[in-house]
Structures are given as structure tokens and as C-alpha cells.
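Asker: Let me give you the structure first, and then I'll get to my questions.
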Amino acid sequence: MKPPPFDYVVADSVEAAVALLGQSAGEAKIIAGGQSLVPMLNFRLLRPALLVDINAIAALSFVEDAGHEIRIGALTRHRQLETSPVIATHLPVIAEAMGHVAHLAIRNRGTIGGSLSHADPAAELPMLALLLDARLEIASGGGRRDVAAGDFFRGALSVALDDGELLTEIRIPKLPAATGWGFAEVARRHGDFALAAIATTLTVADGTAVDARIAMTGVADRPLRATVAERLLLGQAVTADLLERVAAVARESVTPGSDVHASADYRRHLVGVLVRRAMDEAWRRAQRGAA
Amino acid sequence: MTDAAHLRPKMIGASVPRTEDARLLTGRGAFVDDRKLPDALHVAFVRSIHPHARIRAIDATRALAAPGVAAVYTAADLEDVVPPIRATSRMSGYYATPILPLALGKVRYVGEPVVAILAESRYLAEDALELVEIDYEALPMAIDPETAARPDAPLLHEAAGTNILLTREFKRGDAEGDIAMAPVRVKGRFRMRRRTPAAIEVRACAADYDAGRDALTLYAATQIPGILRDALAQIFDLPGHRLRVVAPDVGGGFGGKASLYPEEILTCLAARQLGRAVKWTGDRVEDLTATSQAFDEIIDAELAVDSQGRVLGLTADAIGDVGAYSIYPWTAALEPVQVVSFLPGPYRVPSYRGRVRAVATPKAPTGPYRGVGRPVSTFVIERLMDMAAREIGIDPLEIRRRNLVADDEFPYKVASGLVWDKSGFHACLEQACAAIGYDALRARQAEARAAGRWFGIGIASYAELTGIGSRISAAPGMPINTGTETASIRIDSTGAVTAAFGVAAHGQGLETTLAQVVAEHLGARLADIRIVQGDSDAVGGGTGTYASRSTVLAGGAAIRAADGLREKVLQVASHLLEAAPRDLVAADGRVTVVGTDRSVTFREVARAVYAEMGRLPPEAREELAVTRNYDPILGTTSCATHIAALEIDPQTYIVRIERYVVAEDCGRIINPLIVDGQVHGGVAQGIGAALYEEVIHDENGQILTGSFVDYVVPAAGDIPPIEVVHVESMSPTTLGGFRGMGEGGTIGAPAAIANAVADALAPLGVDVFELPVTPARLFRLIANAQARS
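Protein chains in written order, with the numbering used here: chain A, 334 to 624; chain B, 24 to 812.
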């Protein structure tokens with residue numbers, strides 16, 4: 334478990350990093366926290382000719398309240414998200430979910446940009462980006478572009494980043510008033526990748542749902558929104574019966590895989606259980622917020 | 024003991040903090056990989072990617088030409104150099120597979136070493152691995168042990184003529200007849216899945232070659248430096264004083280470091296041939312694929328009881344999936360045979376018939392694992408006891424009260440031939456119940472059930488044989504003696520005490536507990552004692568640490584040697600103090616004339632013997648050293664009752680253990696802190712076996728659990744607080760009254776948790792026959808039960 338040889342360069346700016354990426358014709362990889370990349374190098378699953386280390390680019394590490402949205406630098410560590418007052422105030426579902434991301438030592442190193450770019454199909458952050466309609470800002474030698482989270486995740490470990498591109502920033506719109514949220518996960522052990530996890534938001538006006546979002550991870554090759562189930566909630570007051578129907582629709586919407594940890598049937602069952610729990614939480618919080 | 028023995032501070036029984044922890048917890052321990060050997064070559068192995076294949080050709084020319092590569096070995100290079108070694112035994116019909124450092128002709132499991140590459144660094148060696156070309160011809164194979172046991176199954180070892188490496192049977196009375204006549208019968212097909220030890224330190228070894236003496240020192244992360252020394256001396260035809268095996272600090276073993284491995288043979292061979300130090304530090308993939316694995320049995324068992332729940336008869340047919348080789352020195356008998364020999368448990372079982380077949384399959388060999396056989400036998404008999412109790416409508420506690428061997432029945436001969444000496448079977452059961460508040464817990468369960476919650480309570484009682492002496496062997500006629508231990512204690516010219524043993528601690532705290540025994544019996548200060556162990560040069564012959572033996576055997580040897588040395592010290596002191604030895608007492612590093620303030624220190628005694636000319640008559644100046652052996656002949660019984668209370672989420676099927684109590688009898692306790700720690704660690708591993716850990720192969724023989732992402736061990740947060748009650752009944756059969764206790768936690772926990780899960784799910788009609796009972800398995804069990812109803 335030793336990596337094949339590679340060159341290593343520390344980039345001190347985004348410009349330097351993307352210049353190096355651009356010159357390497359797809360043979361370079363960015364290293365930030367290294368929590369997924371280094372094991373993959375050691376297993377020789379990846380053989381980059383060059384590692385571009387972006388840990389020295391201080392400008393990529395921030396959490397900022399920008400009025401209508403929260404801006405998060407790609408180099409922001411999981412632990413910063415977990416403990417940020419800005420996140421706790423405006424995006425508490427992220428703060429809650431971060432407690433389920435691996436273990437403290439890993440959260441001290443791992444970054445949001447790394448997690449989103451790596452796109453493990455059972456990771457929490459890609460699901461949250463999808464849930465919260467995040468926009469991802471991407472830099473390259475040719476300039477900058479941004480892409481919606483829904484267009485970013487293309488499959489297992491596959492995202493809409495070209496060879497010369499670097500994810501630099503994540504922008505997440507603040508949630509409307511009277512929005513509740515929920516998060517529910519089942520993993521073999523605390524900190525493991527999810528067998529299934531669900532994150533929800535629910536915005537309520539006059540006692541009924543005006544916006545509902547359900548995002549799922551661990552049940553497909555990429556995070557998914559349960560859009561049909563979401564629509565069932567609109568204009569409704571949430572009842573146990575409605576939650577049951579929403580959960581059933583979400584459950585039927587997924588075709589998860591089987592592996593050594595869980596069968597497809599068990600994962601699908603979990604989707605139903607966790608959607609019910611996470612949406613029930615969101616409904617309770619929304620009502621408290623609306624009151 | 025002298026008349027004033029009661030004046031001495033009691034070291035045996037004191038909660039002394041572990042002396043080794045200061046270095047281990049501050050990063051100052053020295054493990055094999057910490058040993059920097061200048062100019063060492065590093066080994067990486069090309070390992071088989073096939074479970075069963077013929078090796079048609081190996082082309083390593085490109086690898087040999089790769090940067091930094093010094094040598095490449097294949098089996099062809101070793102044919103006249105390294106003779107195969109076999110784990111021999113007198114068992115009838117047993118086939119001892121030949122063990123070689125590199126696969127010859129065929130590979131028999133995924134992960135088997137095929138080619139060794141030696142390079143200036145492990146990085147360069149791994150780069151060169153990719154350049155080796157092996158032409159394999161895949162062979163048919165039976166990955167499933169029942170298929171492999173069939174007469175028409177493809178053979179793993181053609182010379183054996185069968186995949187069944189051995190068969191054994193234990194029989195008392197007419198169990199089938201008794202069962203047929205019995206009013207109540209319960210039975211099941213039980214399955215304990217394969218697991219791996221997963222010690223935090225992976226296996227590693229480093230061979231240092233002294234060309235001047237043609238001598239080798241092998242530093243190895245091993246539990247058995249003595250066994251390795253003797254085996255390697257045989258393989259290389261070297262005298263023991265030119266082959267030393269040192270186990271430095273070792274980060275856990277659990278049985279996985281208690282066998283001879285191909286990597287150790289290869290490393291020694293290469294160091295000698297190349298005249299350079301050679302180092303191999305395994306990685307986690309190698310550990311999870313090529314360290315000895317464990318359990319993996321299928322047991323069809325039936326228990327009959329009378330209408331009062333008293334056992335009438337028991338039968339069991341077991342298949343042990345022992346993997347590809349019969350591991351050295353224990354043989355493939357070790358694990359599966361103990362399943363059937365221990366199956367009657369701590370109970371009165373009038374008639375018994377237990378049969379076992381050990382079946383070779385294309386998987387890593389199984390070997391010793393904490394608890395050996397007994398986690399599985401306890402799982403089966405304890406499940407059957409609960410099933411019988413439910414069948415006749417009595418509490419699981421009550422059926423155990425009615426069947427545990429009673430205090431006045433010891434020594435009790437078990438149906439399989441083992442003998443239980445007097446120990447606290449009933450005391451452990453009752454004290455565990457008292458500690459957990461059994462009746463109140465049952466009342467809480469009734470409330471929880473009424474509220475639709477799945478709350479379960481599980482009891483497991485077991486007995487095991489520990490500190491086994493020379494009369495009992497894991498496999499009759501195996502090539503080593505596990506039943507004797509040596510203590511060699513010396514006071515040097517500065518008054519310091521060095522006590523050397525053949526044991527090899529790898530987390531047990533033997534440097535502390537053995538020092539406590541020596542301190543008490545010699546009358547020395549704990550701080551003046553150094554324990555030397557984990558080194559084949561420490562004593563003339565030794566094996567190591569395994570099988571809950573070290574406290575009983577090394578503790579007994581320490582008592583004998585320390586008592587003998589104390590007499591020598593008193594003889595010298597009697598000259599210095601001009602008093603008769605019987606009027607002297609040794610304590611706290613000082614010899615005192617009883618009833619006076621006249622005394623000499625051990626240092627003064629030592630100076631008189633070694634350094635002061637003419638102070639003593641010549642005949643009183645013998646070296647202050649005594650060496651004694653100890654052999655407990657049969658060994659002694661250890662026992663415990665575990666009780667688990669847990670709750671299962673009725674939607675996600677996640678199991679949460681709420682309470683866990685162990686009441687254990689390990690005889691006279693040397694250090695309660697260390698006993699607690701051993702119980703905690705053992706229970707954690709048992710929880711792993713019950714709920715988490717499973718080595719999984721697919722139908723093509725590929726191992727799917729090659730990393731800690733897929734091989735799931737419980738983490739600290741998954742282990743509940745564990746309450747330990749000590750039932751301290753002196754062993755009647757061992758010197759010092761000690762009983763072994765390193766494995767017990769792992770023996771009781773799988774059964775207790777299985778019973779608690781089954782108890783929680785009893786209203787659904789779900790029973791537990793397979794471990795680990797993962798959430799995905801629970802989902803299937805519950806779905807099947809719901810489909811039935």
C-alpha cells in the first residue's frame with residue numbers, strides 16, 4: 334500500500350493551481366485534506382503524475398454571511414463547518430450532518446471542496462449541496478463558471494469538473510423564514526459512510542407546506558432528490574398519514590445496490606424510515622419557527 | 024513463607040498501574056517497524072489474485088531490473104533451500120499440509136505469497152511488483168465448506184486425497200437414544216462467520232544478519248518467539264545460539280500472531296542469502312487477507328431436556344472451514360475440535376455425541392483466535408439452553424440454575440473428557456444477576472414490550488480451560504510443548520532484579536503482573552524488578568503467550584524461582600546479620616531480623632556476594648540466581664456469566680446495547696485493573712463477533728473485506744460501559760491459585776448478545792442462528808417472519 338511515484342507542487346494561489354492543472358493534461362490531481370485521495374493513491378487506484386497541494390491557499394478557507402446566501406471556501410475543513418456560528422445560525426442542517434462525517438481527526442483535515450469533488454455516493458456533503466440548491470464556483474485557466482449542485486454530480490466519484498478546473502467556492506442560499514429541517518442517517522458505526530441518509534427542509538406558511546425538499550445519499554451512484562415525494566407535501570399540513578405516503582413514494586423512487594454492508598432491500602426500507610423521520614423533524618421545526 | 028509473612032506489603036492483588044504504559048502511551052514503545060536496521064532491504068510480496076490456480080510460469084525479469092531491486096524470489100529459488108514445514112499430529116486420518124514461504128506449483132487462496140521482491144525501499148519494491156508476470160491457470164474450487172467436503176469436490180491438496188483434513192468424535196452414553204426418548208427437544212443449524220484478528224499493529228518482521236557469526240536475529244511482531252526460533256532453527260538447520268527471535272513491543276495479537284508465517288521464513292532466508300538486513304512490514308490489506316482467520320463453523324446441534332428443563336442429551340455435527348493450510352504449529356484441529364470438545368459447556372450433560380470435520384477451502388488459513396472454539400461452542404449451547412427454556416416456559420436464568428454443575432460436583436468430568444476443577448459456576452450466575460438487577464430488568468422488559476419496543480436480555484454462562492499443562496494438547500502429538508514455562512530470576516551486583524520468562528506479552532501487562540508476583544515472593548521492591556520476555560534468548564526454551572497461559576504458567580514459575588532465590592538471599596543475609604535464616608524476613612528490598620531494627624538491603628546483600636572481597640565465606644558466594652520450571656499438568660477452569668440488555672430499533676434494526684455485566688472467576692487476582700481491562704477488551708471483541716465483524720468471500724473466492732471500510736470492527740463509541748464483578752475463588756490446581764482470563768470476554772459476549780437479540784425479537788417469532796447478526800440480517804429475519812405470519 335505505497336503510492337506509485339508522483340511529483341508534488343504546493344500552489345500558493347488559485348491561479349497557480351489552475352495553471353498547473355491546465356499544463357498537466359489530465360495527469361494532475363488536487364490534494365486538499367487528502368482523506369480520500371491518499372488511500373486511493375496507496376491502493377494505486379489513482380496514478381496522477383502530479384499532486385497540486387492547495388492547502389497553502391488561505392483565501393479558499395472561509396465561511397461568510399453574504400446577505401442572501403452563505404459563501405463557503407472550498408478549502409474549509411469539515412470541523413470548521415461543524416463549529417461555525419454562521420452555519421449554525423443559517424444552515425443548521427449542515428452543522429448537524431457534520432457530526433456524522435467520519436471522525437474528528439478526519440474532519441480536522443477533510444474539506445468541503447474535496448468531499449464534493451470526490452463525490453462518494455454515500456457521503457453527506459454532496460447530499461447537502463443538492464438539498465440546499467448550492468451553486469458551485471469553478472475556476473480554470475479560462476476564467477470562472479458556476480454550476481448548480483444538481484448538475485455537478487454525474488455518478489460515483491464523477492463530477493462536472495474538467496481536467497483544468499478547480500472547485501473554489503460553494504454558495505448556498507439562506508433558507509426562508511419558517512423553514513424546518515431534518516437529518517437522519519443509518520451507518521454500521523457512527524462515522525461510517527451512510528447505508529442511507531436523508532436530509533430535508535420544509536417551509537411552512539399558514540400551516541401548510543410551501544416548499545419541501547428531500548435529499549438522499551447512499552442509495553444510488555450519486556445523491557438524489559425525491560422530487561415526486563417532495564411535491565406530495567406542497568399545500569399540505571403534515572400528518573402521520575401523509576408522511577407515510579411521502580416515505581413510500583421516496584422508497585419506491587430508489588433502486589439502491591447491495592454490498593457487504595447492506596442489501597438493496599434493506600437500503601430501500603431505510604429510505605422510507607429515514608424520510609419519515611427527517612421530514613417529521615422538519616415539520617416540527619418549521620412549526621416552531623413559524624410560531 | 025516466613026513467620027512474618029503477614030507483615031509484607033501485598034503485591035499480589037494490588038491495582039498497580041501498568042509499568043509498561045508510561046512508554047506505550049507516550050509514544051516511546053519500540054515496535055518492529057520502529058527498529059531501524061541500517062542498509063536493510065524491504066520486502067513486498069506478489070500475492071495470489073486467484074483462490075485456486077496452477078502457476079504455469081512466472082516472469083520476474085522486468086521486476087529484477089527495476090530501480091532499487093536487489094533480489095526476487097520465487098518458489099523455484101527455494102526448492103532445495105527451504106524444506107517444507109508441517110504441523111504434525113497423531114490424530115488419525117489427519118493430513119498435515121506442507122507449508123512453504125512462497126506458493127509452489129499452485130496457489131490456494133487470494134493473498135497467498137507467490138513472489139518476494141527485495142528492494143531498497145518498500146515503495147520501490149511495490150513499484151516492481153507490478154512488473155512481475157504470472158501465468159495462472161484457474162482451477163475449479165469449492166469455496167463453500169459443505170461443497171468442499173463432498174467426495175467429488177475439487178481437491179486443494181491432491182496428496183491428501185480429500186479436503187477433509189481431519190475428523191474427530193467425542194461420545195458419552197447414547198445421546199441419540201436419549202434425545203429420541205426425551206419430552207422436549209430443541210435444535211438448530213448454527214453458523215458463526217469467519218473473522219480476522221485485526222490487531223492495531225499489523226504483522227511485521229525484520230531479520231538482522233551477523234555475517235561474522237553467521238547468526239540471525241529476527242525481530243517479529245509475534246506472540247511466539249520461542250516457537251518461531253525452534254521452527255526456524257529446524258528449517259535452516261541452525262543452532263539456537265545463532266538464531267534469536269525477539270518480539271519487542273507488540274501491538275495486539277489475539278491469536279493472529281501466534282503461528283509461523285511464510286513471511287517470517289522468507290525474511291530470514293533472504294537475510295542469510297543476501298548477507299543484509301531484510302525487513303517486511305505488512306500493510307492492512309495483507310493483514311486482512313493473509314493473517315490467520317478464525318471461527319467459520321456450521322454446527323447442527325440438538326439438545327433434549329426433561330419437563331423440568333434438566334438436560335438429557337446433546338448431539339452436534341460441526342464443519343470447520345479451516346482455509347487452505349493446516350497452520351503451524353497448531354494444526355487445523357485447533358479451532359473446530361474445541362468447538363465440539365467444549366460444547367457441553369458448564370452443564371451436567373449425561374450423554375453427548377459431538378463430531379467435527381475440518382475442511383480445507385481456498386481461503387486464508389484459520390488459526391488461533393481469542394477464545395478458540397469456545398465463542399462458537401458457547402454461542403450454540405447457550406442458544407439451545409434459551410430455546411429449551413422458552414419451550415418449557417421457564418426463565419433463561421432458571422434453566423441455567425438447574426443445569427450448571429453444582430459446587431459439590433467438582434471435579435466434574437465433561438462428556439467430551441475435559442475436567443472442570445472447583446470454580447464459581449453458580450456464583451458467577453447469581454452475582455451477574457444481582458449486579459444487573461435481573462428481576463427489575465425483566466419488569467422493565469415487560470413494560471417495554473407492552474409499548475411495542477424490542478427490548479431483550481441475554482445470559483451466557485461458560486467455562487473454559489486455561490493455563491493448560493503438558494497433559495493436554497491442542498492437537499495430540501503436535502510439534503511443541505505448550506505446558507511448561509520457565510522463570511529465571513537473578514539479582515545482579517547492584518541489587519537489581521531481572522526476571523526472565525519464555526512468555527511474550529503483546530498487551531496483557533505481563534511486565535507488571537509478573538513483577539508483582541516476583542516482588543511478593545522474593546520480597547523485592549517492584550521498582551527494582553525488570554521483566555524480560557518476548558526474547559528466545561531469555562530462557563533456554565519457551566514458546567510465548569497464547570491460550571490464557573501466561574499468568575498461570577509464568578506466574579507459577581515465578582513463585583517457584585522467587586521462593587528459591589529468597590532462600591539464597593536469606594542465607595547470605597544470615598551471615599551479614601549474624602542471625603539464623605528462619606529469623607529473617609525479606610520485604611520491600613530489605614532483609615530484617617524479625618523483632619529488631621537490624622537489616623540489610625538487597626543491594627548490600629548483592630555487594631557482599633559479588634563485590635566485597637572476603638566479606639562472605641567462599642561457599643556463600645554463589646550467584647544470586649535461580650531458574651525453575653512450572654507445569655500445571657492439566658490446567659485449570661475459568662468461568663463467567665455475561666448478561667446483556669439491549670434494544671433494537673424496530674424500524675432501522677440497529678442494536679443498542681444498554682447494559683453489560685460480566686461476573687467472572689479467574690481465581691486469585693494479581694491485578695484487578697488488568698483483569699478489568701482484559702474483560703473490557705474481550706467483550707469488545709465479542710461484540711464485534713456478535714454484531715459487526717465478518718470476513719466475506721464471493722462465490723468466485725475473492726475476499727470482499729480487504730479494508731477497514733468493509734471489514735467492520737466496533738469502534739470505541741459502539742462499546743457500552745462494561746461492569747465487571749470478580750468472583751475470586753482460588754484455583755485448587757495451580758500454584759498461586761491463578762486462573763487464566765485473557766480470552767473469556769470474547770467467549771461469553773457473542774452468546775449473550777445473540778440471546779438478548781433473540782429475546783428482544785421473541786414476540787415476532789424470530790430466532791438467532793447466525794452471527795454476526797447485522798442490521799441487514801435482522802431485516803431479512805424479520806421480513807421472513809412477517810411473511811410467515
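All C-beta atoms in this analysis are idealised placements derived from N, C-alpha and C, irrespective of residue type, glycine included.
Note that the structure is a prediction, hence the values are computed from the model and not measured.
Below 8 Å on C-beta distance, what does Phe761 of chain B contact in chain A?
Answerer: The contacting residues do not exist; Phe761 of chain B stays about 36 Å from chain A at best.
Asker: Distance check for Arg410 of chain A and Val394 of chain A, CA to CA, integer angstroms please.
Answerer: Sequence inspection shows Ser at residue 394 of chain A; the Val mentioned does not correspond to that position. Looking at the two C-alpha atoms, the distance is approximately 8 Å.
Asker: Can you find a C-beta in chain B that's less than 8 Å from the C-beta of Pro454 of chain A?
Answerer: Cβ-Cβ to chain B under 8 Å: no for Pro454 of chain A.
Asker: Is it a yes or a no for the stretch 246–253 of chain B touching the stretch 271–289 of chain B, going by three-plus beta-carbon pairs under 8 Å?
Answerer: Contact holds: three or more Cβ-Cβ distances are below 8 Å.
Asker: Interface residues of chain B around Leu370 of chain A at Cβ under 8 Å?
Answerer: The contacting residues do not exist; Leu370 of chain A stays about 15 Å from chain B at best.
Asker: Please list, in chain order, the chain B residues whose beta carbon lies closer than 9 Å to that of His523 of chain A.
Answerer: Neighbours of His523 of chain A on chain B, chain order: Ala738, Gly740 and Asp741.
Asker: Measure the alpha-carbon distance for Trp303 of chain B versus Ile122 of chain B and round it to whole angstroms.
Answerer: Distance between the alpha carbons of Trp303 of chain B and Ile122 of chain B is about 19 Å.
Asker: Using only alpha-carbon positions, find the residue among B:Asp620, B:Leu255 and B:Gly788 that is nearest to Arg109 of chain B.
Answerer: Answer by Cα proximity: B:Leu255.
Asker: Which of the three DSSP states is assigned to Ser730 of chain B in this structure?
Answerer: Of the three classes helix, strand and coil, the one that applies to Ser730 of chain B here is coil, per DSSP.
Asker: Quick one: is Lys386 of chain B buried, meaning 16 or more other Cβ sit within 10 Å of its Cβ, or exposed?
Answerer: The residue is buried, with at least 16 neighbouring Cβ atoms inside 10 Å.
Asker: So for His65 of chain B, helix, strand or coil by DSSP?
Answerer: His65 of chain B: strand per DSSP, three-state reduction.
Asker: What in chain B is Cβ-close to Lys335 of chain A, meaning under 7 Å?
Answerer: What Lys335 of chain A touches in chain B: Arg145, Tyr146 and Glu149.
Asker: Among the candidates B:Ser112, B:Ile495 and B:Thr219, whose CA atom is the shortest distance from the CA of Pro816 of chain B?
Answerer: Because chain B in this structure spans residues 24 to 812, residue 816 of chain B falls outside the shown range and cannot be described.
Asker: Taking all protein chains shown into account, decide if Thr84 of chain B is buried (16 or more other Cβ within 10 angstroms of its Cβ) or exposed.
Answerer: By the 10 Å Cβ count, Thr84 of chain B comes out exposed.
Asker: Could you please tell me which residues of the stretch 672–694 of chain B, in chain order, have their CB closer than 7 Å to any CB of chain A?
Answerer: So the list reads Gln674, Thr675 and Ile677, given in the order they occur along the chain.
Asker: Taking CB distances under 8 Å as the criterion, tell me whether His401 of chain A reaches chain B.
Answerer: Not an interface residue.
Asker: With 16 other CB atoms within 10 Å as the buried threshold, where does Gly704 of chain B fall?
Answerer: It counts as buried.
Asker: Could you check whether the stretch 780–793 of chain B touches the stretch 483–491 of chain B, counting it as contact only if at least three pairs of C-beta atoms, one from each stretch, sit closer than 8 Å?
Answerer: Contact between the stretch 780–793 of chain B and the stretch 483–491 of chain B is absent, because fewer than three Cβ pairs lie under 8 Å.
Asker: Around the Cβ of Pro163 of chain B, are there at least 16 other Cβ atoms within 10 angstroms (buried) or fewer (exposed)?
Answerer: Result: exposed.
Asker: Excluding five sequence neighbours on each side, which residues of the same chain lie with their C-beta closer than 7 Å to the C-beta of Gly367 of chain A?
Answerer: Once the five neighbours on either side are set aside, the close Cβ partners of Gly367 of chain A are Arg442.
Asker: So if I threshold CB-CB distances at 9 Å, which residues from the stretch 724–735 of chain B count as touching chain A?
Answerer: Taking 9 Å as the Cβ-Cβ cut-off against chain A, the residues of the stretch 724–735 of chain B that qualify are Leu727, Thr728, Ser730, Val732, Asp733, Tyr734 and Val735.
Asker: Is the Cβ-Cβ distance between Ile302 of chain A and Ala344 of chain A less than 8 Å?
Answerer: The displayed coordinates of chain A run from 334 to 624. Any statement about residue 302 of chain A would go beyond what the structure contains.
Asker: Have a look at B:Val137, B:Ala172 and B:Ala412 and flag the residue whose alpha-carbon is nearest the alpha-carbon of Leu155 of chain B.
Answerer: It is Val, not Leu, that sits at residue 155 of chain B in the sequence shown. Among B:Val137, B:Ala172 and B:Ala412, the Cα nearest to that of Val155 of chain B belongs to B:Val137.
Asker: Mind checking which residues open and close the beta strand (DSSP E) that includes Asp233 of chain B?
Answerer: Run containing Asp233 of chain B: Ala227 to Asp233, per the beta strand (DSSP E) assignment.
Asker: In the DSSP assignment, what residue or residues form a beta bridge with Pro506 of chain A?
Answerer: In the DSSP output, where bridge partners are listed per residue, Pro506 of chain A has A:Glu402.
Asker: As a quick exercise: from B:Ala230, B:Leu179 and B:Val69, pick the residue whose alpha carbon is nearest that of Asp62 of chain B.
Answerer: The residue with the shortest Cα to Cα distance from Asp62 of chain B is B:Ala230.
Asker: For a contact defined as C-beta to C-beta under 7 Å, what are the partners of Val308 of chain B on chain E?
Answerer: The displayed structure is made up of protein chains A and B, and chain E is not among them.
Asker: List in chain order: all unbroken beta strand (DSSP E) runs of 3+ residues lying wholly within the stretch 263–326 of chain B.
Answerer: You should have 266–269 and 301–304.
Asker: Would DSSP call Lys591 of chain B helix, strand or coil?
Answerer: Three-state DSSP puts Lys591 of chain B in a helix.
Asker: For Arg333 of chain B, which residues from the same chain have a beta carbon less than 7 Å from its beta carbon, with the 5 sequence-adjacent residues on both sides left out?
Answerer: Once the five neighbours on either side are set aside, the close Cβ partners of Arg333 of chain B are Arg425 and Asn426.
Asker: What does Ile719 of chain B reach in chain A if we use C-beta pairs closer than 8 Å?
Answerer: Neighbours of Ile719 of chain B on chain A, chain order: Val593.
Asker: Thinking Ile350 of chain B and Ser400 of chain B are a contact (beta carbons under 8 Å), I'd like their distance in whole angstroms, please.
Answerer: Going by Cβ atoms, the distance from Ile350 of chain B to Ser400 of chain B rounds to 20 Å, so no, they are not a contact pair.
Asker: Going by the DSSP bridge assignment, what does His720 of chain B pair with across the sheet?
Answerer: His720 of chain B pairs with B:Ile726.
Asker: State buried or exposed for Val385 of chain A, treating a residue as buried only when at least 16 other CB atoms are found within 10 Å of its CB.
Answerer: Per the 10 Å Cβ criterion, buried.
Asker: Relative to the C-alpha of Pro376 of chain A, which candidate in A:Ile363, A:Gly475, A:Pro337 and A:Glu397 has its C-alpha closest?
Answerer: The identity of residue 376 of chain A in the sequence shown is Phe, whereas the question assumes Pro. For Phe376 of chain A, the nearest C-alpha among the options comes from A:Pro337.
Asker: Provide the residue span of the alpha helix (DSSP H) that contains Ile439 of chain A, from first to last.
Answerer: Segment Leu437 to Arg442, the alpha helix (DSSP H) holding Ile439 of chain A.
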